[in-house]
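4 protein chains.
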Amino acid sequence: MTDTAAETAVTQAAAGSAPGSTGSAADEIVSPQGPHGYSHDKESHLKRLRRIEGQIRGLQRMVEQDVYCIDILTQVSASTKGLQSFALQLLEEHLRHCVAAAAVGGGPEIDEKVAEATAAIARLLRT
Amino acid sequence: MTDTAAETAVTQAAAGSAPGSTGSAADEIVSPQGPHGYSHDKESHLKRLRRIEGQIRGLQRMVEQDVYCIDILTQVSASTKGLQSFALQLLEEHLRHCVAAAAVGGGPEIDEKVAEATAAIARLLRT
Amino acid sequence: MTDTAAETAVTQAAAGSAPGSTGSAADEIVSPQGPHGYSHDKESHLKRLRRIEGQIRGLQRMVEQDVYCIDILTQVSASTKGLQSFALQLLEEHLRHCVAAAAVGGGPEIDEKVAEATAAIARLLRT
Amino acid sequence: MTDTAAETAVTQAAAGSAPGSTGSAADEIVSPQGPHGYSHDKESHLKRLRRIEGQIRGLQRMVEQDVYCIDILTQVSASTKGLQSFALQLLEEHLRHCVAAAAVGGGPEIDEKVAEATAAIARLLRT
Chain A
1 MTDTAAETAV TQAAAGSAPG STGSAADEIV SPQGPHGYSH DKESHLKRLR
51 RIEGQIRGLQ RMVEQDVYCI DILTQVSAST KGLQSFALQL LEEHLRHCVA
101 AAAVGGGPEI DEKVAEATAA IARLLRT
Chain B
1 MTDTAAETAV TQAAAGSAPG STGSAADEIV SPQGPHGYSH DKESHLKRLR
51 RIEGQIRGLQ RMVEQDVYCI DILTQVSAST KGLQSFALQL LEEHLRHCVA
101 AAAVGGGPEI DEKVAEATAA IARLLRT
Chain C
1 MTDTAAETAV TQAAAGSAPG STGSAADEIV SPQGPHGYSH DKESHLKRLR
51 RIEGQIRGLQ RMVEQDVYCI DILTQVSAST KGLQSFALQL LEEHLRHCVA
101 AAAVGGGPEI DEKVAEATAA IARLLRT
Chain D
1 MTDTAAETAV TQAAAGSAPG STGSAADEIV SPQGPHGYSH DKESHLKRLR
51 RIEGQIRGLQ RMVEQDVYCI DILTQVSAST KGLQSFALQL LEEHLRHCVA
101 AAAVGGGPEI DEKVAEATAA IARLLRT
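These protein sequences, in sequence, are chains A, B, C and D. Letter 36 of the first sequence, counting from 1, is numbered 36 in full-length UniProt numbering, and no numbers are missing. Letter 35 of the second sequence, counting from 1, is numbered 35 in full-length UniProt numbering, and no numbers are missing. Letter 33 of the third sequence, counting from 1, is numbered 33 in full-length UniProt numbering, and no numbers are missing. Letter 118 of the fourth sequence, counting from 1, is numbered 118 in full-length UniProt numbering, and no numbers are missing.
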């Protein structure tokens with residue numbers, strides 16, 4: 001019950017159905033870099049992340065209920081896969097928008113952008 | 001604000017400070033296999049999972065606030081790393097308790113247990 | 001001894017110190033897409049790959065000599081790391097040259113190139 | 001041509017068809033820990049590793065011939081997958097034999113063996 005209430009609350013916050021609070025949060029936060037490549041897919045990203053959040057809460061329930069370790073590990077693999085799919089989608093949009101824009105813009109910025117993206121991919125590979 | 005309320009609710013549920021609802025959930029679910037190797041470390045596992053849950057919620061806020069893609073990817077790597085550390089700890093306890101017990105017990109069960117553990121490791125590697 | 005002879009032969013072939021055979025191979029093969037982003041770093045890539053090849057041969061010797069399993073697994077991790085570093089360097093050059101060129105060129109090619117690069121990253125992540 | 005000669009030499013060395021040299025190598029090396037769990041599957045392991053070695057040599061040829069980067073990355077993924085399958089098989093045999101034996105033997109050795117195996121799995125995960 002409490003858990004469900006929490007999930008509902010999170011869903012409301014993310015879906016913007018509690019405009020007062022979400023709105024004020026938006027007022028307070030100054031986004032450091034404005035809209036990015038992934039911005040137009042925001043709702044699909046949030047949906048995906050909320051599903052992963054639900055899986056992590058599911059893992060907590062499994063531990064609380066002494067579920068068999070191997071079944072917990074299977075759920076961990078599913079959550080990790082979900083996170084990596086999210087990362088890949090974000091990365092694709094980043095390459096398509098930010099990196100491509102740097103290339104079109106010319107100058108040395110493309111080298112920085114590519115080095116930065118490669119470092120992010122290396123971090124994903126090494127986790 | 002709503003988000004904070006949600007976090008509090010989840011924390012309460014997980015910490016058992018809302019005994020009514022958590023308790024009834026425990027009544028309804030019949031744990032399929034009783035306490036396992038990881039059971040004595042339950043609180044440390046739950047703490048770890050709640051930290052990961054917080055990171056996933058952090059990712060949602062980052063998406064909502066149009067944070068730079070590369071910074072989001074860095075946070076994804078941290079969450080994935082957290083999940084893998086959790087999996088490794090669970091696996092270690094599983095090997096020490098369940099697999100070792102099957103070996104001591106003798107008979108063909110050890111082969112099943114080892115094949116099952118290896119399949120779980122393969123799933124972790126391939127995500 | 002045979003092994004050392006083999007290593008020498010491979011090194012000669014790769015280093016081009018047997019110009020007759022290497023030269024004729026180059027004549028016979030029609031590169032499907034000409035020089036790519038990574039071409040100017042060819043020698044460093046080949047050096048890296050020859051080191052990995054040496055590690056794989058080292059693994060064979062370890063198996064032949066009944067070396068302790070855990071030590072073999074450590075060597076497997078080192079070889080996998082070597083392969084991933086190679087992949088990351090190749091990917092960086094690909095993004096900097098091929099993907100950037102597609103962006104500058106305009107048109108729909110950038111979408112294809114980005115999708116293709118993302119799919120390659122996904123394959124690296126899922127191995 | 002030189003490359004083919006090298007491949008033949010390696011195959012001979014591995015298959016033991018050059019008994020003089022391979023034999024003397026076996027004489028010189030004192031295996032630190034005798035036969036292990038994986039020993040009875042030696043020939044299948046060596047076959048697998050020779051195939052991976054062939055893939056790494058294939059990667060060198062691809063680089064020499066300016067093959068398209070994405071195709072090289074696909075081959076890297078295949079080689080990494082091959083290495084991980086080899087590692088998983090080795091690990092399974094290690095758990096079934098060495099770890100199980102430590103459990104049956106009793107005493108603190110099982111803790112060491114499990115910690116050691118978990119550390120090896122962590123290294124595989126983090127590459």
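The beta-carbon is built from N, C-alpha and C at its ideal position, and this holds for glycine as well.
What residue from the options has the CA that sits closest to residue i's CA?
i                     : options                              : result
residue 129 (chain B) : D:Leu90, D:Gly58, D:Leu49, D:Gly54   : Nothing can be reported for residue 129 (chain B): it is not among the residues displayed for chain B, which extend from 1 to 127.
Ser79 (chain D)       : D:Gly54, D:Pro108, D:Arg126          : D:Gly54
Glu43 (chain B)       : A:Asp41, A:Lys47, A:His40, A:Arg61   : A:Arg61
Gln65 (chain A)       : B:His40, B:Pro108, B:Thr74, B:Gly106 : B:His40
Using the three-state DSSP reduction, which class does residue i fall into: helix, strand or coil?
i                : result
Arg57 (chain B)  : helix
Asp71 (chain D)  : helix
Arg50 (chain C)  : helix
His45 (chain C)  : helix
Ala115 (chain B) : helix
Ala120 (chain B) : helix
Gly126 (chain B) : A small correction: the amino acid at residue 126 (chain B) is Arg; Gly does not occupy that position in the sequence shown. The answer is coil: DSSP assigns Arg126 (chain B) none of H, G, I, E or B.
Gly106 (chain D) : coil
His36 (chain D)  : coil
Gln65 (chain A)  : coil
Glu28 (chain A)  : Any reading at Glu28 (chain A) must be qualified, since the residue scores a pLDDT of 35, below 50, and its modelled position is unreliable; no value is offered.
Looking at residue j and residue i, is the spacing between their C-beta atoms short of 9 angstroms?
i                : j                : result
Leu83 (chain C)  : Ile72 (chain C)  : no
Ile56 (chain B)  : Ile52 (chain A)  : yes
Cys98 (chain D)  : His45 (chain D)  : no
Glu112 (chain B) : Ala103 (chain B) : no
Glu93 (chain A)  : Tyr38 (chain A)  : yes
Chain B partners of residue i, CB-CB under 8 angstroms?
i               : result
Val63 (chain A) : Tyr38, Lys42, His45, Leu46, Leu49
Since I believe residue j is in contact with residue i (beta carbons under 8 angstroms), could you give me their beta-carbon distance rounded to a whole number of angstroms?
i                : j                : result
Val114 (chain C) : Arg96 (chain A)  : 5 angstroms
Ile121 (chain D) : Ala100 (chain B) : So it is not a contact: roughly 16 angstroms between Cβ atoms.
Leu124 (chain C) : Leu125 (chain A) : 6 angstroms
Val67 (chain D)  : Phe86 (chain C)  : Contact doesn't hold; Cβ gap of about 14 angstroms is too wide.
Can you list the residues of chain C that residue i reaches, using a CB-CB cut of under 7 angstroms?
i                : result
Ala103 (chain A) : Ala100, Ala103, Val104
List, in order along the chain, the chain C residues whose C-beta lies closer than 8 angstroms to that of residue i?
i                : result
Asp111 (chain A) : Arg96
Gln89 (chain D)  : What Gln89 (chain D) touches in chain C: nothing, since even the nearest Cβ is about 10 angstroms away.
Given that residue i touches chain A, what residues does it touch there, using C-beta distances under 8 angstroms?
i               : result
Gln60 (chain C) : Near Gln60 (chain C) there are no residues of chain A at all, since even the closest Cβ is about 26 angstroms away, more than 8 angstroms.
Taking Cβ-Cβ distances shorter than 9 angstroms, what residues in chain D pair up with residue i?
i                : result
Glu116 (chain C) : Ile70
Glu53 (chain C)  : Glu53, Ile56, Arg57, Leu59, Gln60
Leu125 (chain B) : Gln84, Ala87, Leu88, Ile121, Leu124, Leu125
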